[in-house]
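Protein chains in written order, with UniProt numbering: chain A, 1 to 433; chain B, 1 to 173.
The structure appears below as structure tokens.
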């Protein structure tokens, strides 16, 4: 039997708190799950620093990847099967791309990518196309199969319908992470009727469309996305954790460039500091490794690195005030000067964080051909953009909300054992008394 | 603080007025590929390289009153026009040294005179710049089948990229 169509003797199931069960019958999928590159995702949290705010948010990228796979499996096996617009020969391609779509994520991806100018999507490509176990499994299907999977994940495939299953405004990726993140954070919003959405999805040449009768389920999904964005993803305490983490990475890099002698040498970071990161270096880095360094760097001589690591490990994070950069720009300059006078390095201890720093978004139909919106399939066969039909979606799509916060270490500013007057001036400017 | 926003503001100021978000997305992507220091992360989307970060930055700049956004109805969709406000002009002054690149203005002005359809093609050609030229023709016809770009148009895109690179390299000399 050809490897591409080989089935396991018995179906394997994984218990899953969101989808109840994840079903695997294909040999290829089973083998991919067993690869070391996929197993590595167990050691990378799905929500980065969110566990500092919502203690349940310890789920991994492996959980999520299996979830996305399961959603796509249900779409192609239960909803699309037998429909003329669906090409059945794309089934395995869809399943593999769904399972592997986050393969290139590293530890605390967002912060690492910002500081070291990395791109997890490029690492996904390298893992799939390089000398890896994942590549061996995919190549056994067909020598060109790794490239096909990589192109779907990079969204450069000509199989646009398959791409839209995994990457569009209403895709398996978003549906799984909204439900999963809501479950693990324990919040009551974020829920929507996924089963209903799956039932009303219809394949079209270029993308998945939604039958008009399923519009209310989609409205619920859009509302969930909107609420999760502000209540979970952009939570100010989570952002504070991210700010501290980012500053630790900046500090370690700066110290390395200044030939600082680390007590605990950051061997795993050297190639990143030197901008010579290889795929193997990248794969060797996971959150256990990163947290090891944060733990031991609490004993470093450098006071900034030591302090920032203590803050992260002990959840002794920065506090924040709302800030309008356009109106308060001068205040920021004054604060920076006062921080310096007080002996607090503003480069590490006075940080502006904006909503555009986030890797999440909420639904905006945008303008024509900016990016593909959610399309409804009307009873007469016409296609209409969602916000044109739904007043609820139109209302929240038109509502602009952006946000900027200024982060600082309140405990240092309240410590009046030194530079008392300057610290009072700083507190007055920040409005924290 | 907000240096990346200042660069975006400066790009709009240099272009005078930007008509269309899609066009602006492609202009910034092309400028970034020409090695101008934009940090926004782009991914390939249905209509070519797209940055959600850039979309959000634009929204933030509008909300801060630093750029003016006019929403116009166009067929079944909306189109957006952007200009820098007086407050925006003041804001840019604080970043003069960091955002000013002599040849960037020239490249942006040139790009702003091109059609959005052509810039979509140029940015897509640049996105696949690691492929051999002959494969780029195939790739464009695969991922942009709906736009029906001709071989001649793709050649024009290659020539246009060369002309922009020449402008940038003249600056280096």
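For each residue, glycine too, the CB sits at the ideal point set by N, CA and C.
Residue pairing for residue 376/A: DSSP places it in a beta bridge opposite 210/A and 384/A.
Distance from residue 356/A to residue 56/B at the Cβ level is roughly 4 Å; contact confirmed, criterion being Cβ atoms closer than 8 Å. Using a Cβ-Cβ cut-off of 8 Å, residue 371/A counts as an interface residue toward chain B, since at least one Cβ of chain B sits closer than that to its own.
Interface annotation, residue 101/B: not in contact with chain A, CB-CB separation never under 8 Å. Look at residue 143/A: its C-beta is not under 8 Å from any C-beta on chain B. Your pair residue 123/A and residue 66/A does not check out as a contact, with CB atoms roughly 20 Å apart and the cut at 8 Å. Less than 8 Å divides the Cβ of residue 376/A from the Cβ of residue 209/A.
Not a single CB atom of chain A sits nearer than 8 Å to the CB of residue 16/B. Residue-level contact check: residue 123/A does not touch chain B, since none of the beta carbons of chain B fall below 8 Å from its beta carbon. Counting the other CB atoms within 10 Å of its CB gives residue 378/A a total below 16, which places it among the exposed residues. Per the Cβ contact rule, the segment 122-139 of chain B is in contact with the segment 155-167 of chain B (3 or more Cβ pairs under 8 Å). Interface with chain A (8 Å Cβ-Cβ cutoff): residue 45/B is included. Using beta-carbon distances, residue 112/B does not count as an interface residue toward chain A, since no partner is under 8 Å. Note: residue 227/A is not bridge-paired with any residue in the DSSP secondary-structure output. Looking at the backbone, the Cα of residue 8/B and that of residue 222/A are separated by about 29 Å.
Around residue 143/B, the beta-carbon contacts reaching into chain A at under 7 Å are 156 and 158. Identification of chain B residues near residue 325/A by a Cβ-Cβ cut-off of 7 Å yields 1, 2 and 64, ordered along the chain.
Under the Cβ distance rule, residue 91/B counts among the residues neighbouring chain A, one pair being separated by less than 8 Å. Spanning the alpha carbons of residue 31/A and residue 23/B requires a straight line of approximately 44 Å. Partner residues in a beta bridge of residue 432/A, as assigned by DSSP, do not exist. For residue 355/A, the closest Cβ of chain B is nearer than 8 Å. Boundaries of the alpha helix (DSSP H) harbouring residue 92/B: 86-93, taken from the DSSP string. Between residue 29/A and residue 99/A, the C-beta spacing is below 8 Å. For the 8 Å CB-CB criterion, residue 313/A and residue 294/A form a contact. In terms of beta-carbon proximity, residue 329/A lines the interface with chain B, with at least one pair separated by less than 8 Å. Its Cα nearest to that of residue 72/A, the residue 170/A stands out among 170/A, 206/A, 9/A and 3/A.
Boundaries of the alpha helix (DSSP H) around residue 126/A: 120-129. Rounded to whole angstroms, the Cβ separation of residue 12/B and residue 84/B is 5 Å, and the two are in contact under 8 Å. Contact between residue 197/A and residue 163/A is absent: CB atoms are separated by about 18 Å, not below the 8 Å threshold. Ranked by Cα distance from residue 26/A, the options 18/A, 3/A, 38/A and 7/A are led by 7/A.
For the pair residue 260/A and residue 227/A, the CB atoms are not nearer than the 8 Å cut-off.
Counting along the chain, residue 103/A sits inside no beta strand (DSSP E), nor does DSSP assign it H or E at all.
The alpha-carbon of residue 79/A is positioned some 56 Å away from that of residue 94/B. Residue range 43-45 is occupied by the beta strand (DSSP E) that includes residue 43/B. The criterion of a C-beta distance shorter than 8 Å is not satisfied by residue 103/A and residue 145/A. Cβ neighbours of residue 201/A within its own chain (closer than 7 Å, five residues either side excluded): 75, 79, 208 and 210.
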